[in-house]
Amino acid sequence: MSAERFSALYDEHHTAVLRYARRRAGADSADDLAAEVFVVAWRRWPEVPAEPLPWLYGVARNVVANHLRGQGRAERLAARWEAEPLTPVPDVAEEVAARDGAYAAWARLGERDREVLALIAWEGLGVRQAAESLDCNPASFSVQLFRARRRLRAALNDPAPSDADSVSPTVLEVSRASG
28 MSAERFSALY DEHHTAVLRY ARRRAGADSA DDLAAEVFVV AWRRWPEVPA
78 EPLPWLYGVA RNVVANHLRG QGRAERLAAR WEAEPLTPVP DVAEEVAARD
128 GAYAAWARLG ERDREVLALI AWEGLGVRQA AESLDCNPAS FSVQLFRARR
178 RLRAALNDPA PSDADSVSPT VLEVSRASG
């Protein structure tokens with residue numbers, strides 16, 4: 028292929044191909060579509076006939092059709108996106124505040140209350156097993172558990188002190204590690 032022959036083809040037929048693309052696809056994309064037609068002509072140079080304009084129109088028809096199909100897909104996708112409701116992003120501020128309140132309430136409990144509650148809630152022990160681990164009888168443990176739960180509930184409902192000095196370092200370390 029000769030660059031001069033291709034340049035001559037381009038110079039002679041570019042305006043006609045550009046007008047065709049503009050009529051079929053609009054002014055916004057006509058320049059790109061006309062350029063694509065000549066890229067195809069460059070790649071398929073041996074197939075370009077002696078009378079090239081009808082062949083270039085055929086290529087332009089295919090290039091424009093592909094463009095319009097793609098544009099239709101993009102519009103349908105955009106419409107589908109607009110039609111779908113946005114999934115609300117959860118506000119974690121309340122969750123963080125509740126967690127911080129729980130840490131503060133836990134820190135205000137006595138060591139024995141924390142141990143009693145932890146054996147049941149976190150370790151998953153039953154009353155008998157927890158009582159055995161604390162070396163007390165199940166009835167006594169049940170009373171301790173009842174009172175620890177009541178104190179925890181009161182601590183959760185009572186506004187926590189705002190200064191960090193009232194929270195034990197252990198609770199602060201746990202909250203930082205899990206946060």
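The sequence shown begins at 28 in the working numbering and counts up by one.
Just so you know, even glycine gets a beta-carbon here, dropped at the ideal spot from N, CA and C.
Source: prediction; values computed, not measured.
Helix, strand or coil: which one does DSSP assign to P73? helix
Just how far apart, CA to CA, sit L144 and P112? 43 Å
Relative to the C-alpha of A181, which residue among P115, A131, S34 is closest? A131
Please report the straight-line C-alpha distance between R203 and A134, rounded to a whole angstrom. Confidence is the limiting factor: at R203 the pLDDT is only 44, short of 50, which leaves the residue's position unreliable and the question unanswerable from this model.
Taking L161 as the reference, which of P81, R51, R139 has the closest Cα? R139
Candidates S29, R49, S56: which alpha carbon is nearest R70's? S29
My parser needs the beta strand (DSSP E) runs of 3 or more residues fully inside the segment 97 to 168; what are they? none
Nearest neighbour of E49, chosen from S169, Y84, V66 [CA to CA]: One point to set straight first is that residue 49 is Arg, not Glu, in the sequence displayed. Checked all of S169, Y84, V66; the closest Cα to R49 is Y84.
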